[in-house]
Amino acid sequence: MKTITKLMLYLCLYGVFLSTQAQQINEKTFQGLKLRNLGPAFTSGRIADIAIHPKNENVWYVAVGSGG
Numbered sequence: 002m003k004t005i006t007k008l009m010l011y012l013c014l015y016g017v018f019l020s021t022q023a024q025q026i027n028e029k030t031f032q033g034l035k036l037r038n039l040g041p042a043f044t045s046g047r048i049a050d051i052a053i054h055p056k057n058e059n060v061w062y063v064a065v066g067s068g069g
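Written as structure tokens, this is what we have:
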């Protein structure tokens with residue numbers, strides 16, 4: 002069972018390695034793209050303030066400016 006698990010892990014890692022080797026960025030890929038507006042868009046959920054607990058960086062206090 003351990004051998005099969007290791008084999009599957011190695012095959013997955015090998016596949017990831019091969020897929021990253023095949024991807025190359027070429028200038029011609031992006032030549033046809035132009036900046037454009039995607040709006041008008043409804044933007045909601047505006048954040049008014051963020052405070053992080055001074056002793057525990059995993060505790061965040063986020064104030065939002067949405068009514069309701």
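Heads up, the sequence shown is in my numbering, so the first residue is 2 and it goes up one at a time.
A virtual CB, placed ideally from N, CA and C, is assigned to each residue, including glycine.
Among the options, the one whose alpha carbon lies nearest that of residue i
| i | options | result |
| --- | --- | --- |
| I48 | Y62, K56, K3, N38 | Y62 |
Cutoff 6 Å; reference residue i; Cβ partners in own chain excluding five residues on either side
| i | result |
| --- | --- |
| I51 | V63 |
| G66 | R47, A49 |
| V60 | H54 |
Contact set for residue i: own chain, Cβ-Cβ below 8 Å, skip 5 residues either direction
| i | result |
| --- | --- |
| F31 | none |
**Item:** Sequence ranges, beta strand (DSSP E) only - wholly within the stretch 42-67, length at least 3
**Value:** 48-53, 61-65
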